[in-house]
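Under the numbering used here, the residue at position 37 of the sequence shown is numbered 37, and the numbers go up by one with no gaps.
Below you'll find the structure, written out as structure tokens, and then a few comments.
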Amino acid sequence: MRFATPVGVFEIDSVPSQPQVAHCHGFFVHRHLRGHGMAHRLKTQQMGTLFRLGYDFATCTVCASNAAQKKVLARAGWRSLASFVSSKTGEPVELWGFAVREERCSEGSAP
């Protein structure tokens, strides 16, 4: 499911046969708002949505070269679980994960 906000967009889908695990993708902040901490706020909103939807765990992938996105993930409490080279792009990709808990999903600073 796609969630659009004035700041940007994110998507959350259940992993097939694992309905308590979400895969997060399509995360982006509108270009004109980048560099102002909005990705951190949008990530907090995404994590609150994960909690409200009742997920236990979430995953996402990120290009290994995307330092900005990895900084957002790390600051939000996500951790890198594995890495691989994409056969589609030839680029290194990282799989990140997050145990969804109420205290880590506060939306106090959501956009």
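C-beta: ideal position from N, C-alpha, C; glycine also.
Note down, in chain order, each residue of its chain lying with its Cβ closer than 8 Å to the Cβ of residue i, except the 5 sequence neighbours on either side.
i	result
D56	Q20, V21, A99 and V100
E11	M1, R2, F3, C24, H25, G26 and F27
Residue i: buried (16+ other C-beta within 10 angstroms of its C-beta) or exposed?
i	result
S109	The predicted position of S109 is uncertain, since its pLDDT is 39 and thus under 50; a value taken from the coordinates is nonetheless stated next. Burial call: exposed.
L81	exposed
V189	Lying outside 1 to 111, the shown extent of the chain, residue 189 is not represented and no answer is given.
L42	buried
T89	exposed
Leaving aside the five residues before and after residue i along the sequence, list all residues of the same chain whose C-beta is less than 7 Å from its C-beta, in chain order.
i	result
R79	W96 and G97
R75	H40
If you reduce the DSSP assignment to three classes, tell me which class residue i lands in.
i	result
T49	helix
T59	strand
Kindly list the residues whose CB is nearer than 6 Å to the CB of residue i, restricted to its own chain and excluding five residues on each side of it in sequence; keep chain order.
i	result
H23	D13, V15 and T59
M47	C105
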